[in-house]
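Encoded as structure tokens, the structure appears first; notes follow it.
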Amino acid sequence: MKVITTVVGSLQTNCYLLIDEETKLAALIDPGDEAERLLALVKSEGVTLKYILLTHGHRDHTLAVPALKKALPDVPVYIGEADAHSTGIYHYPMADLVPDLKYYGEGDSLPLGSLTIKVLATPGHTLGGVTLLVGDAMFPGDTLFAGSMGRTDLPGGNDAQMLASLRRLAQIEGDYTVYPGHMNSTTLAREKAMNPYLRHALR
């Protein structure tokens, strides 16, 4: 498994290209902007894009989707259903922009060559937020950051849901490399030990 991080857009969103090195199949996670740059990355890596996966519906994680879909019409786009119809200054209405939009949620899994992408519902930052687990990698979107957590004061945010989602992530056994929606990667073990929000969630 290979993960390539590309920082895109004015809000410096982490977009991830997840590659199964055995089959050269790939998934693009949270393409927040700069579609042409992301298409060039897919081409340069010599991979076949199988999925576009969204951790939530905010614009800074989804802005490149229409252009990517136009260039790659057969590649399905997945999002938590509760975020698909959200509108407003922060959300990008995926259901209106992607006619064949796919929904995923708690307990779903997607095959990617020899890999399996597992979906956890982790609302709090948005109603339809999800965390993706693949091997020893975790993609929590804007739920969990290095030393911090996502905002709950935007439309669709909810303090109680965020606390429950953080508690759930903190209770996952084993260690994972955490690839968040913004800023640096970290590890789940480090966050369990040092992140005040995760520690509070476990009280």
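Residue numbers (numbering that gives the first Met the number 0): 0 to 202.
For glycine and all other residues, C-beta sits at the position ideal for the given N, C-alpha and C.
Check	Outcome
Rounded C-alpha distance that separates residue 32 from residue 45	21 angstroms
Whole alpha helix (DSSP H) elements within the region 133-175, 4-residue minimum	158-169
Alpha carbon of residue 122 to alpha carbon of residue 157, nearest angstrom	8 angstroms
Proximity to residue 50 [Cα-Cα], best of 59, 23, 57	23
Residue burial classification, residue 199 (beta-carbon count within 10 angstroms, cutoff 16)	exposed
Inside the region 42-103 only - beta strand (DSSP E) runs reaching at least 3 residues	47-52, 76-78
Three-way DSSP call (helix, strand, coil) for residue 117 in this model	strand
Pair within 8 angstroms by beta-carbon distance, residue 190 and residue 119	no
Beta-carbon separation (whole angstroms), residue 48 vs residue 78, contact threshold 8 angstroms	No, residue 48 and residue 78 are not in contact; Cβ-Cβ is about 16 angstroms, not under 8 angstroms.
Pair within 8 angstroms by beta-carbon distance, residue 178 and residue 186	no
CB of residue 136 within 8 angstroms of CB of residue 41, strictly	no
Cβ neighbour criterion (16 or more within 10 Å) applied to residue 99	exposed
Between the CA atoms of residue 63 and residue 91 - distance to the nearest angstrom	10 angstroms
C-beta atoms of residue 165 and residue 148 nearer than 8 angstroms	yes
Through-space distance from residue 25 to residue 74, alpha-carbon basis	11 angstroms
Alpha carbon of residue 163 to alpha carbon of residue 171, nearest angstrom	13 angstroms
Distance between residue 173 and residue 154 (C-alpha atoms, nearest Å)	33 angstroms
CA nearest to the CA of residue 67, picked from 161, 167, 0, 96	96
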